[in-house]
Amino acid sequence: MYTLDISGHHVHTTEDVQATIKEGMDQLADINSHITSIKVIVNSENHHNKSELIVEARVHIPGHDLFASVTTDKQLGVAVDTLVEKLEKQLLKHKAKHEGRKHHPDARDVESLEEREEQDEFNELDRRDAI
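Going from the sequence shown to the numbering used here is simple: count from 1 and add 430.
So this is what it looks like as structure tokens:
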């Protein structure tokens, strides 16, 4: 279980906005159950008569923080989807990088075909007492 903190800067985060963001962040929790907190900031900025919506998220996993940001033109659903995709890639990369580091009782070493053949040859010589 993780804590979700949603804040808005120059934007009022209604219940619909929060529900949309929570739905997206729940997808991340399905990928990695070690997420402890997610902080999302929704910001609206006006530049040269053009409004932009900036959505940023910081995901905390023990020992690591992930960050992503998306800028769109006032489409929250698209921004959240893109943000979730970026964070999913980071989570999967982090998971692949750290996978296999813990030693499980049923873990097996992966050996190449060449190593297996050499081991079989050694076992055969040992069985015949040729060594």
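Built from N, CA and C at the ideal position, the CB exists for glycine as well.
For the candidate residues PRO492, PHE552, VAL470, VAL510, whose alpha-carbon lies nearest to that of ASP525?
-> Position 95 of the sequence shown, counted from the first residue, corresponds to residue 525. The sequence as given places Lys at residue 525; Asp does not occur at that position. Nearest Cα to LYS525 within the set PRO492, PHE552, VAL470, VAL510: PRO492.
Could I get the ranges of all uninterrupted beta strand (DSSP E) runs contained in the segment 438–520, with 3 residues as the minimum, in chain order?
-> 467–477, 480–491, 494–502
Residues near THR450 in its chain [Cβ-Cβ closer than 7 Å; skip 5 each side] = For the purposes of this step, residue 450 is taken as the residue at position 20 of the sequence shown. LEU506, GLY507, VAL510.
Just how far apart, CA to CA, sit LEU517 and HIS477?
-> One-based indexing of the sequence shown puts residue 517 at position 87. One-based indexing of the sequence shown puts residue 477 at position 47. Those two C-alpha atoms are separated by around 27 Å.
Report back the beta-carbon spacing between VAL441 and ASN473 to the nearest angstrom; my notes put them in contact at under 8 Å.
-> For the purposes of this step, residue 441 is taken as the residue at position 11 of the sequence shown. For the purposes of this step, residue 473 is taken as the residue at position 43 of the sequence shown. Their Cβ separation, rounded to whole angstroms, is 7 Å, which keeps VAL441 and ASN473 in contact under 8 Å.
Proximity winner among VAL485, LEU543, HIS494, relative to LEU521 (alpha-carbon distances) | The residue labelled residue 521 in the question sits at position 91 within the sequence shown. The option with the nearest alpha carbon to LEU521 is HIS494.
Cα-Cα separation, GLU548 to HIS528 | Counted from its first residue, the sequence shown places residue 548 at position 118. Counted from its first residue, the sequence shown places residue 528 at position 98. Looking at the two C-alpha atoms, the distance is approximately 30 Å.
Going by Cα to Cα distance, which pick from ARG546, LYS519, ILE484, GLU554 is closest to LYS504?
-> For the purposes of this step, residue 504 is taken as residue 74 along the sequence shown, with counting starting at 1. For LYS504, the nearest C-alpha among the options comes from ILE484.
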